[in-house]
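S.K.: From first to last, the protein sequence lines are chains A and B. Adding 1 to a residue's 1-based position in the first sequence gives its number in my numbering. Adding 1 to a residue's 1-based position in the second sequence gives its number in my numbering.
Protein chains: 2
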Amino acid sequence: MSVSPSLELVSQNRSFAGWQCVYRHDAQRLQCEMKFGLYLPPQAEDQPCPVLFWLSGLTCTEQNFITKAGAQQYAALHGFIVVAPDTSPRGCQIPGADDSYDLGTGAGFYVNATQDPWARHYRMYDYVVSELPALISHHFKTEPHQWGIFGHSMGGLGALMIGLKNPSLFQSISAFAPITAPSLVPWGQKAFHAYLGEDRQTWAAYDPVQLVSQATQGSEILVDQGDADEFLEQLHPELFMAACAQANYPLKLRRHPGYDHSYYFIASFIGDHFAHHARCLGLGKDQ
Amino acid sequence: MSVSPSLELVSQNRSFAGWQCVYRHDAQRLQCEMKFGLYLPPQAEDQPCPVLFWLSGLTCTEQNFITKAGAQQYAALHGFIVVAPDTSPRGCQIPGADDSYDLGTGAGFYVNATQDPWARHYRMYDYVVSELPALISHHFKTEPHQWGIFGHSMGGLGALMIGLKNPSLFQSISAFAPITAPSLVPWGQKAFHAYLGEDRQTWAAYDPVQLVSQATQGSEILVDQGDADEFLEQLHPELFMAACAQANYPLKLRRHPGYDHSYYFIASFIGDHFAHHARCLGLGKDQ
């Protein structure tokens, strides 16, 4: 007899007639305690709801998105449950895990690490693709075929990569300022080298620009990119656009003059992303 | 020949086609350096704009409102410049100023202190009513007769009190979970005792419940209050309602079941407050 995975409610705040919650649980795949944000829209009171997973960027916890993005009003409008996990395992006593902002704590990169000292805990890919969806489905009433995924920067990489690899789990994809070609840029190279080792064949499995050519074609991906993004050289939207064009994968890439890499950029366009997912998932109210 | 007060731009982020800025300046009234947030809506590019002052609550800096309230989308919609000052002088080396969250740093209460060791720096009333409006008018193109004021908790007290005392400067008023009767509750008594001394006559000049009876009648005040507010006993909305009724001052007090004292509450209703100010100030687009 299997034991139900348990959830502990850390906080809940009324928000746009729903509830912004934070939960804590023992993550089996990560072998540590994890927290995630979950917005329950008002519609969740009496019907199963579609689900969006939000993946955050470097240094973030579950808090950044739920406090700064202004997402709740759109989740309430469309009736989405929104799940915002933390960005890495925490408190695992791994040597060096807190030494830099772009490796270890706050920088899980949504991969399954194979290298020491990371391999035991740093399995964010499995956590986001398997454990967390099962947990959410177990504890909340969801529409099983109306799940989407989006994210920002490192989390935009996660959203593109996980969405492209799991089209039956996540049927809609979008990203803000994603790291689209991690194998080619310093952030990705540092993390992939540490987590995955020297063999670049293994990196390809987590690289959106390389993945899109093999992906099962799904609905259009929406990518927003600010032209004043201070990290633009780590992101390479033009490579992802070229890869999608070559693979004939539908992509809407929008460039926004003057916008940077911050949550001010995300908040300015988050409403469009909710409308995009609602449209891709066939929800009625797509604004 | 007077020297123009100077402003230093600390940061600017593109937001809803406008700019969320933070400025630093030498505050003459406070004898210290101060920062404030200022949102410049897209309309500011080619026309003078109406202005809203937001006053924050205990422990806040200029950052809380600009990152968490989701105000920029409504400021852009209605074309408001939104000014969000810090909540106290900082770095003044006053003994005890950092000892508690509800007195000193982060807790200026928007009064002019008369008591040592506060009197030299803690003049937030003058700062908000005189210095900051002059500075904003000098550096930005504003509509001089379309200014409003709003705030939260201690800043809700500030908005009600400053608005009621300065109807020609601020023609519209609203508040979230304001401390309406500071003379009667622990937060207000502690601060007023320290800043203003024993004589309760001097407290009355900063107490909305006492001020409303002498106020020149203006447009309707909007107050939003969550019923699950964890600080409800410090706020006394019912006393303010009674005082407004007695004075025949128009008030719309809304109580919201389940909402607490947090920015999740503010974000849920901030759009209504912008619409309220737009209506009171006679702007076209009052949504």
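Cβ coordinates follow ideal geometry from the N, Cα and C atoms, glycine included. Note that this is a predicted model, so its numbers are computed, not measured.
Just curious, the alpha helix (DSSP H) that residue 204/A is in, first and last residue?
M.R.: Sequence index remark: in the first sequence, residue 204/A carries index 203 (1-based). 201-205 is the span of the alpha helix (DSSP H), which, as asked, contains residue 204/A.
S.K.: Quick check: what's the CA-CA separation for residue 169/B versus residue 160/A?
M.R.: Position 168 of the second sequence, counting from 1, holds the residue named residue 169/B. Position 159 of the first sequence, counting from 1, holds the residue named residue 160/A. Cα to Cα, the separation comes out at about 52 Å.
S.K.: How would you list, in chain order, the residues of chain A whose beta-carbon sits under 7 Å from the beta-carbon of residue 259/B?
M.R.: Taking the second sequence and counting its residues from 1, one reaches residue 259/B at position 258. Result: 15.
S.K.: Nearest to residue 187/B by alpha carbon, out of 176/B, 235/B, 224/B?
M.R.: Here residue 187/B corresponds to residue number 186 of the second sequence, with the count starting at 1. Residue 187/B has its Cα closest to that of 235/B, out of 176/B, 235/B, 224/B.
S.K.: Report the residue ranges of all alpha helix (DSSP H) runs contained in full by the segment 171-231 of chain A; include only those spanning at least 4 residues, in chain order.
M.R.: Whole alpha helix (DSSP H) segments, 4+ residues: 187-197, 201-205, 209-212.
S.K.: Shorter than 7 Å from the beta carbon of residue 71/A to some beta carbon of chain B?
M.R.: Along the first sequence, read from residue 1 onward, the residue named residue 71/A stands at position 70. Yes, residue 71/A lies at the interface with chain B (some Cβ there is under 7 Å from its Cβ).
S.K.: Taking just the CA atoms, how far does residue 53/B sit from residue 143/B?
M.R.: Position 142 of the second sequence, counted from the first residue, corresponds to residue 143/B. Position 52 of the second sequence, counted from the first residue, corresponds to residue 53/B. In a straight line, the C-alpha of residue 143/B is about 11 Å away from that of residue 53/B.
S.K.: Thinking residue 155/B and residue 254/B are a contact (beta carbons under 8 Å), I'd like their distance in whole angstroms, please.
M.R.: Your numbering for residue 155/B matches position 154 in the second sequence. Your numbering for residue 254/B matches position 253 in the second sequence. Residue 155/B to residue 254/B, Cβ: 19 Å. No contact.
S.K.: With a 10 Å radius around its C-beta and 16 neighbouring C-beta atoms as the bar for buried, classify residue 269/A as buried or exposed.
M.R.: Mapped onto the first sequence, residue 269/A falls at position 268. Result: buried.
S.K.: Under the rule that 16 or more other beta-carbon atoms within 10 Å means buried, what is residue 130/A, buried or exposed?
M.R.: Your numbering for residue 130/A matches position 129 in the first sequence. Residue 130/A comes out buried.
S.K.: Between 106/B, 126/B, 136/B, which lies nearest to residue 115/B when the distance is taken from Cα to Cα?
M.R.: On the second sequence, position 114 is the one that residue 115/B refers to. The residue with the shortest Cα to Cα distance from residue 115/B is 126/B.
S.K.: Give me the Cβ distance between residue 195/B and residue 104/B, rounded to the nearest whole Å; I'm assuming they're in contact under 8 Å.
M.R.: Working through the second sequence from its first residue, we reach residue 195/B at position 194. Working through the second sequence from its first residue, we reach residue 104/B at position 103. Indeed, because the Cβ distance is near 6 Å, the residues count as touching under 8 Å.
S.K.: Can you give the Cα-Cα distance for residue 191/A and residue 224/A, rounded to whole angstroms?
M.R.: As a first step, residue 191/A is located in the first sequence; it is residue number 190 there, counting from the start. As a first step, residue 224/A is located in the first sequence; it is residue number 223 there, counting from the start. Straight-line Cα distance between these residues: approximately 24 Å.
S.K.: Specify, as a first and last residue, the run of the alpha helix (DSSP H) that residue 273/A falls within.
M.R.: Counting from 1 along the first sequence, the entry for residue 273/A is found at position 272. 264-281 is the span of the alpha helix (DSSP H), which, as asked, contains residue 273/A.
S.K.: Is there a Cβ of chain B sitting closer than 7 Å to that of residue 21/A, yes or no?
M.R.: Here residue 21/A refers to the residue found at position 20 of the first sequence. Interface residue, yes.
S.K.: Helix, strand or coil for residue 82/A, going by three-state DSSP, please let me know.
M.R.: Here residue 82/A refers to the residue found at position 81 of the first sequence. The answer is strand: DSSP assigns residue 82/A an E or B state.
S.K.: Specify whether the segment 260-277 of chain B and the segment 68-80 of chain A touch according to this definition: at least 3 beta carbon pairs, one from each stretch, less than 8 Å apart.
M.R.: Yes: at least three Cβ pairs fall under 8 Å.
S.K.: Flag residue 75/B as yes if its beta-carbon sits less than 7 Å from any beta-carbon of chain A, otherwise no.
M.R.: Within the second sequence, the letter at position 74 stands for residue 75/B. For residue 75/B, the answer is no, since every Cβ of chain A falls outside 7 Å of its Cβ.
S.K.: With a Cβ-Cβ cutoff of 7 Å, do residue 163/A and residue 180/A count as a contact?
M.R.: Along the first sequence, read from residue 1 onward, the residue named residue 163/A stands at position 162. Along the first sequence, read from residue 1 onward, the residue named residue 180/A stands at position 179. The answer is no: Cβ separation not under 7 Å.
S.K.: Classify residue 40/B: buried if its beta carbon has 16 or more other beta carbons within 10 angstroms, exposed otherwise.
M.R.: Locating residue 40/B in the second sequence gives position 39, counting from the first residue. With 16 or more other Cβ atoms within 10 Å, it is buried.
S.K.: Given 8 Å as the limit, is there contact between the segment 10-24 of chain B and the segment 90-107 of chain A, that is, 3 or more CB pairs closer than that?
M.R.: They do not touch, by the three-pair rule.
S.K.: Using alpha carbons as the reference points, say which of 153/B, 29/B, 135/B lies closest to residue 62/B.
M.R.: Reading the second sequence from its first residue, position 61 is the one you call residue 62/B. Minimum Cα distance to residue 62/B is reached at 153/B.
S.K.: For residue 265/B, return the contacting residues in chain A, with the cut-off set at a CB-CB distance below 7 Å.
M.R.: One-based indexing of the second sequence puts residue 265/B at position 264. The answer, in chain order, is 14, 15, 16, 21.
S.K.: What's the gap between the Cα of residue 121/A and the Cα of residue 200/A?
M.R.: For the purposes of this step, residue 121/A is taken as residue 120 along the first sequence, with counting starting at 1. For the purposes of this step, residue 200/A is taken as residue 199 along the first sequence, with counting starting at 1. Their backbone Cα atoms lie some 19 Å apart in a straight line.
S.K.: Give a yes or no on whether the minimum CB-CB distance between residue 68/B and chain A is below 7 Å.
M.R.: Position 67 of the second sequence holds residue 68/B. By this cut-off, residue 68/B is an interface position.
S.K.: How is the alpha helix (DSSP H) around residue 33/A delimited, first residue to last?
M.R.: Position 32 of the first sequence holds residue 33/A. Premise fails: residue 33/A lies in the beta strand (DSSP E), 33-41, not in any alpha helix (DSSP H).
S.K.: Please work out which residues of its chain come closer than 7 Å, Cβ to Cβ, to residue 316/B, disregarding the five sequence neighbours upstream and downstream, and give them in chain order.
M.R.: Here chain B covers residues 2 to 288 and nothing more, so residue 316/B does not appear.
S.K.: So residue 66/B and residue 85/B are in contact, right, with Cβ under 8 Å, and what is the actual spacing, rounded?
M.R.: On the second sequence, residue 66/B is found 65 positions in, with the first residue counted as 1. On the second sequence, residue 85/B is found 84 positions in, with the first residue counted as 1. Yes, they are in contact, since the Cβ atoms of residue 66/B and residue 85/B sit about 5 Å apart, within 8 Å.
S.K.: What does the alpha-carbon distance come out to for the pair residue 42/A and residue 135/B?
M.R.: Reading the first sequence from its first residue, position 41 is the one you call residue 42/A. Reading the second sequence from its first residue, position 134 is the one you call residue 135/B. Taking the straight line joining both Cα atoms gives about 44 Å.
S.K.: Measure from the C-beta of residue 154/B to each C-beta in chain A and report whether the shortest distance is under 7 Å.
M.R.: Position 153 of the second sequence, counted from the first residue, corresponds to residue 154/B. Residue 154/B does not count as touching chain A.
S.K.: So within the segment 116-173 of chain A, which uninterrupted alpha helix (DSSP H) runs reach at least 4 residues, ignoring any that extend past its ends?
M.R.: List check, alpha helix (DSSP H) in window: 133-140, 155-166.
S.K.: For residue 24/A, write down the residues that DSSP places opposite it in a beta bridge.
M.R.: Locating residue 24/A in the first sequence gives position 23, counting from the first residue. BP columns for residue 24/A point to 10/A, 37/A.
S.K.: Among the candidates 171/A, 89/A, 80/A, 275/A, whose CA atom is the shortest distance from the CA of residue 30/A?
M.R.: Taking the first residue of the first sequence as 1, we reach residue 30/A at position 29. Checking every option, the nearest Cα to that of residue 30/A belongs to 89/A.
S.K.: Rounded to a whole number of angstroms, what is the C-alpha to C-alpha distance between residue 273/B and residue 8/A?
M.R.: Position 272 of the second sequence, counting from 1, holds the residue named residue 273/B. Position 7 of the first sequence, counting from 1, holds the residue named residue 8/A. So the two alpha carbons sit approximately 35 Å from each other.
S.K.: Should residue 283/A be labelled buried (16 or more other beta-carbon atoms within 10 Å of its own) or exposed?
M.R.: Taking the first sequence and counting its residues from 1, one reaches residue 283/A at position 282. Burial call: exposed.
S.K.: Return the residues of the segment 80-104 of chain A that lie within a Cβ-Cβ distance of less than 7 Å from chain B, sorted by chain order.
M.R.: Answer in chain order: no residues at all.
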